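In the working numbering, each number is its position in the sequence shown, counted from 1, plus 50.
Built from N, CA and C at the ideal position, the CB exists for glycine as well.
Values in this document were obtained by computation on a predicted structure and should not be read as measured data.
The structure appears right after this line, and notes come after that.
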Amino acid sequence: MATVLYCECGAGYRLEINEDTVFPCQKCERLIFFIASPTQPIVPIRPVLTTQRTYRSAKKEKPLFESAFVDSKQTYFTNRLVPILGVVALVIGLALTYFNIRPQSVKQANSADMPSPFLASASTTPNISSIANANNQNNKSAKNSSTSQNNSKAANSQTEMGNTSLANNSTVTASPSPTPLVERLANGANIIRPQGAGGRGVVRVLNGTSSDAIAKLVDYSTGKTHRLMYIRSNSNASIRNIAVGNYTLKFSLGSGYDSNSGNFLYSKSFSKFDDILTFEELRTQGRFQWGEFEVTLNPVAYGNAQTSSISATDFEDK
51 MATVLYCECG
61 AGYRLEINED
71 TVFPCQKCER
81 LIFFIASPTQ
91 PIVPIRPVLT
101 TQRTYRSAKK
111 EKPLFESAFV
121 DSKQTYFTNR
131 LVPILGVVAL
141 VIGLALTYFN
151 IRPQSVKQAN
161 SADMPSPFLA
171 SASTTPNISS
181 IANANNQNNK
191 SAKNSSTSQN
201 NSKAANSQTE
211 MGNTSLANNS
221 TVTASPSPTP
231 LVERLANGAN
241 IIRPQGAGGR
251 GVVRVLNGTS
261 SDAIAKLVDY
271 STGKTHRLMY
281 IRSNSNASIR
291 NIAVGNYTLK
301 FSLGSGYDSN
311 SGNFLYSKSF
321 SKFDDILTFE
331 ELRTQGRFQW
341 GEFEVTLNPV
351 AYGNAQTSSI
361 SATDFEDK
């Protein structure tokens with residue numbers, strides 16, 4: 051069986067042999083390798099965990115001694131003009147307040163001194179007919195109150211009897227269980243308030259799966275959750291401002307996020323990276339140096355990260 055090989059310069063050669071051979075190109079003198087039976091290497095299919103260092107120049111420090119030169123115009127403005135303007139504004143405010151309050155006080159005083167035309171003169175002699183009418187009205191109100199009390203007692207007794215009969219005849223029905231609040235958060239949304247956000251560390255999470263994910267950054271020594279981020283399927287998100295320390299990255303895959311429980315309801319799984327993420331910050335020669343990690347939640351050819359399946363209890367805080 052003939053085989054045609056092409057060199058990088060474009061020259062082609064027809065071989066009739068089935069053995070490994072090496073020969074030079076007649077046009078550019080490059081070596082052309084022919085392997086008759088190549089072996090297929092074993093390709094690991096794992097998630098990827100890469101580490102890199104980021105450098106940034108340090109901020110310029112403030113000098114210990116500043117210049118002694120003082121601008122005369124700036125000194126006059128700050129020491130003379132600003133206090134004068136403040137005093138003028140204060141005087142204007144007090145004057146406006148005085149002129150607004152004074153007319154109101156004058157009006158109130160005038161209204162208090164004026165006699166009311168609707169005040170009737172008090173009579174010194176009692177009216178016998180009015181006293182009799184008042185006695186009759188009091189007797190009628192007493193009778194009406196007694197009848198209303200009797201009617202209310204009868205109504206209460208009837209309602210008590212009706213309630214007892216309904217209680218005896220009613221059957222106990224179980225209340226329906228509340229339906230979970232299923233939602234889908236925005237990509238990169240923080241589920242909890244970030245903790246320990248005082249560093250420069252970064253973890254870039256690549257979710258190449260068809261399921262949404264919850265990335266959880268846990269302090270390795272205390273087991274406390276510092277970050278809890280929602281990452282949608284086929285999306286990327288970065289956890290930033292991570293303080294110095296050792297952390298474990300856990301993640302959960304699934305669908306139908308329940309905000310009450312903080313977990314997925316369908317097709318959920320829990321895993322963690324076996325490697326510990328160590329964040330350090332160094333300052334050398336006026337430059338800051340810190341670590342950044344990039345991880346993939348989906349297996350990739352030639353991946354170098356080891357992951358382990360964990361239970362829902364291990365995914366929660368200890």
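Distance, residue j Cα to residue i Cα
| i | j | result |
| --- | --- | --- |
| A137 | S309 | Note that residue 137 is Val in the sequence shown, not Ala. Going by the C-alpha atoms only, they are around 57 Å apart. |
| N291 | S317 | 32 Å |
| L81 | Y352 | 29 Å |
| Q76 | V350 | 41 Å |
| T147 | R243 | 48 Å |
| S283 | T259 | 6 Å |
| Q335 | N296 | 25 Å |
| G306 | V72 | 59 Å |
| L299 | A265 | 7 Å |
| N150 | L144 | 10 Å |
| S319 | G238 | 20 Å |
| P133 | K274 | 54 Å |
| L256 | A61 | 43 Å |
| R234 | Y56 | 54 Å |
| Q339 | D325 | 21 Å |
| T104 | G304 | 33 Å |
| Y270 | D367 | 11 Å |
| G312 | V253 | 22 Å |
| A236 | T346 | 19 Å |
| F365 | H276 | 13 Å |
| T272 | V232 | 31 Å |
| L131 | I241 | 53 Å |
| I67 | I95 | 36 Å |
| F115 | F301 | Residue placement at F115 cannot be trusted, given a pLDDT of 42 that sits under 50; the coordinates are not used to answer. |
Residue i burial status per 10 Å Cβ neighbour count (16 or more: buried)
| i | result |
| --- | --- |
| Y280 | buried |
| D262 | buried |
| T357 | buried |
| I289 | buried |
| G251 | buried |
| F119 | Low confidence applies here, because F119 scores a pLDDT of 45, under 50, leaving its location unreliable; read the following figure in that light. Its Cβ having fewer than 16 others within 10 Å, F119 is exposed. |
| L278 | buried |
| L267 | buried |
| T363 | exposed |
| L327 | buried |
Other residues of its chain near residue i: CB distance less than 6 Å, five sequence neighbours each side excluded
| i | result |
| --- | --- |
| A293 | G246, G248, G249 |
| L332 | Q339 |
| L315 | G306, D308 |
Cβ separation of residue i and residue j, assumed to be a contact under 8 Å, to the nearest whole Å
| i | j | result |
| --- | --- | --- |
| V98 | N286 | Wrong, their Cβ atoms sit about 13 Å apart, outside the cutoff. |
| G341 | F323 | So it is not a contact: roughly 15 Å between Cβ atoms. |
| S359 | S321 | 5 Å |
Close Cβ partners of residue i (< 7 Å) along its chain, the five nearest in sequence each way excluded
| i | result |
| --- | --- |
| T101 | G341, F343 |
| L135 | none |
Beta-carbon proximity list for residue i, same chain, < 8 Å, skipping 5 on both sides
| i | result |
| --- | --- |
| V54 | G62, Y63, R64, L65 |
| N348 | P97, L256, N257, G258, T259 |
| C59 | C75, K77, C78, R80 |
Runs of beta strand (DSSP E) wholly within the region 232 to 269 (minimum 3 residues, chain order):
251 to 257, 262 to 269
Every unbroken beta strand (DSSP E) within the region 290 to 332, with a cutoff of 3 residues, ordered by chain:
295 to 308, 313 to 323, 327 to 329
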